[in-house]
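Asker: Chains as they are written, first to last, in this note's numbering: chain A, 1 to 213; chain B, 1 to 213.
Take this structure first; my questions come after.
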DNA sequence: ACGTTCATGTTACTTGCGGTAACCCCAGTC
DNA sequence: GACTGGGGTTACCGCAAGTAACATGAACGT
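Shown next as structure tokens:
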């Protein structure tokens, strides 16, 4: 029971855990988030109790699964946000990165944000609390970036947080709608959102004959 | 089986349905969205199969329940948006109306948007597809208002839709975060969001020593 | 007055899921 | 060779969704 042996077992357990997560990934992406623990266990070639030994409960498994994708997405967003370019260009690049990600792998997106659909059976109303965590993390990170890099005068801390969560929410809702309806190209969507952020709403004139908005 | 009799029965069935919905409302607001059909039936003083006769399945019941609250909320939002005042004032009033609603009845909000928490058992991951419908409806309605009342030049249809969904998403995410953390007053939140919409993001200067954003 | 219908309600069941207890087996160790 | 402990399984519990089959009682036609 010395340290080397312990780390050896730890290592083995971690490898197992990763394998299980990959199996779970396959099943969830194939069957939707309503995938049963039995199905996941079967895909991994083992049985339920092992899953429970590794992840505690279904929430734990799903959380671990969500964390993987979430971390990956956040990394690419950070990269886009840190690219050397003008502010507006970086904003557009970040929006585009997010939208490209959800466009490229809608299955993952649906799992993270809309747990419950996709599965034909649709037996219950399965959800995870995945969406909240991801949205929150993105909001907090963006808030940090805004506060760090922008000169907002007094109250900048609160303001940055509100804006961080607000902008992330805007991106999320618009992306969600866009993914469902595909009413325009990604580039157009990015432009429209950036325009909104850039104050075109306030600058717009009223339409003839009525009070604007 | 003439018409009068039929409408009579229809009337009775409708009343029943409303009573059941009210009972369901009480239970869901008390026990969270994880409330079982048995519990709802018990609260209504009857048993499960009747619920199923009226609503088909749990999804139907929850959808009906959600529709009620959704309609009510949308009505008040429309009212705020139609009040006679300057554009920015109306925008702020609408944001405030939404935030006041979720602040006044967080239980309802959680049911509509975060189905799955609150229940102590937390056995599964119950969700409804309520949030999407509500967000979508709000987004579409706002898009319509924007398109009708604002002069946005060419491409105004697409633009209005993107903005409608984007703004709704911003409001939703910011409100959700705010409701959880209560980092500031409602009025401050409203002001910060309106400032964001009014282009203060684009107008802000970079902070000393780094590229902004 | 009597059987027929039809909505309303019930009991009792099936199915399927999340989660767990108890047992199994095989490697390595003293 | 008995002993311990991690990886594995079977068989089960509890519970919730959803359903089938039966019961009751008021309105109707004859």
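A virtual CB, placed ideally from N, CA and C, is assigned to each residue, including glycine.
The model shown is predicted, which means the values in this text are computed figures rather than measured ones.
1) Whole-angstrom Cβ separation of residue 194 (chain A) and residue 99 (chain A), contact assumed at under 8 Å?
2) Considering just the uninterrupted stretch of the alpha helix (DSSP H) at residue 106 (chain A), what are its terminal residues?
3) Among the residues of its own chain, which have a CB less than 6 Å from the CB of residue 214 (chain A), if the five just before and after it don't count?
4) So, using beta-carbon positions, are residue 199 (chain A) and residue 172 (chain B) closer together than 8 Å?
5) If contact is defined by three or more beta carbon pairs under 8 Å, each pair taking one atom from either stretch, is the segment 142–161 of chain A in contact with the segment 101–115 of chain B?
6) Could you give the distance in angstroms between the alpha-carbon of residue 67 (chain A) and the alpha-carbon of residue 21 (chain B)?
7) Can you have a look at residue 12 (chain A) and say buried or exposed, based on whether 16 or more other CB atoms are within 10 angstroms of its CB?
8) Once DSSP output is grouped into helix, strand and coil, what is the label at residue 55 (chain B)?
9) Just to check my reading of the structure: residue 136 (chain B) and residue 177 (chain A) have Cβ atoms closer than 8 Å, yes? What is that Cβ distance to the nearest angstrom?
10) How is the alpha helix (DSSP H) around residue 156 (chain A) delimited, first residue to last?
11) So what's residue 83 (chain B) in DSSP terms, helix, strand or just coil?
12) Assuming residue 29 (chain A) and residue 70 (chain A) form a contact by the criterion Cβ under 8 Å, report the distance between their Cβ atoms to the nearest whole angstrom.
13) Closer than 8 Å, CB to CB, is residue 188 (chain A) near chain B or not?
14) Less than 8 Å between the beta carbons of residue 196 (chain B) and residue 166 (chain A), yes or no?
15) Along the chain, where does the alpha helix (DSSP H) containing residue 192 (chain A) start, and where does it finish?
16) So what's residue 102 (chain B) in DSSP terms, helix, strand or just coil?
17) Can you check whether the CB of residue 39 (chain B) is closer than 8 Å to the CB of residue 19 (chain B)?
18) So is residue 55 (chain A) in contact with chain B if we call contact Cβ pairs under 8 Å?
Answerer: According to the structure data:
1) On the first chain, residue 194 (chain A) is found 194 positions in, with the first residue counted as 1. On the first chain, residue 99 (chain A) is found 99 positions in, with the first residue counted as 1. Incorrect: roughly 12 Å between the Cβ atoms, too far for contact.
2) Locating residue 106 (chain A) in the first chain gives position 106, where the first residue counts as 1. Per DSSP, residue 106 (chain A) belongs to the alpha helix (DSSP H) from 106–113.
3) Because chain A in this structure spans residues 1 to 213, residue 214 (chain A) falls outside the shown range and cannot be described.
4) Working through the first chain from its first residue, we reach residue 199 (chain A) at position 199. Working through the second chain from its first residue, we reach residue 172 (chain B) at position 172. No. Outside cutoff.
5) no
6) As a working mapping, residue 67 (chain A) is identified with position 67 in the first chain. As a working mapping, residue 21 (chain B) is identified with position 21 in the second chain. When rounded, the distance between both Cα atoms is 38 Å.
7) If you number the first chain from 1, residue 12 (chain A) lands on position 12. So residue 12 (chain A) counts as exposed.
8) Stepping through the second chain from its first residue, residue 55 (chain B) is reached at position 55. Here residue 55 (chain B) sits in helix by DSSP.
9) Translated into the one-based positions of the second chain, residue 136 (chain B) becomes position 136. Translated into the one-based positions of the first chain, residue 177 (chain A) becomes position 177. That pair is a contact at about 7 Å.
10) As a first step, residue 156 (chain A) must be located in the first chain, where it is residue number 156. Taken as a continuous stretch (DSSP letters only), the alpha helix (DSSP H) holding residue 156 (chain A) covers 156–181.
11) Within the second chain, the letter at position 83 stands for residue 83 (chain B). DSSP places residue 83 (chain B) in coil when its eight states are reduced to three.
12) On the first chain, residue 29 (chain A) is found 29 positions in, with the first residue counted as 1. On the first chain, residue 70 (chain A) is found 70 positions in, with the first residue counted as 1. Contact doesn't hold; Cβ gap of about 15 Å is too wide.
13) Within the first chain, numbered from 1, the residue matching residue 188 (chain A) stands at position 188. Judged by the 8 Å Cβ criterion, residue 188 (chain A) is in contact with chain B.
14) Taking the second chain and counting its residues from 1, the one referred to as residue 196 (chain B) is at position 196. Taking the first chain and counting its residues from 1, the one referred to as residue 166 (chain A) is at position 166. In contact: residue 196 (chain B) and residue 166 (chain A) (Cβ atoms closer than 8 Å).
15) Locating residue 192 (chain A) in the first chain gives position 192, where the first residue counts as 1. Segment 186–197, the alpha helix (DSSP H) holding residue 192 (chain A).
16) Here residue 102 (chain B) refers to the residue found at position 102 of the second chain. Looking at residue 102 (chain B) - three-state DSSP - the assignment turns out to be helix.
17) By 1-based counting over the second chain, the position of residue 19 (chain B) is 19. By 1-based counting over the second chain, the position of residue 39 (chain B) is 39. Going by C-beta atoms, residue 19 (chain B) is not nearer than 8 Å to residue 39 (chain B).
18) Numbered from its first residue, the first chain carries residue 55 (chain A) at position 55. Output row for residue 55 (chain A): interface = no.
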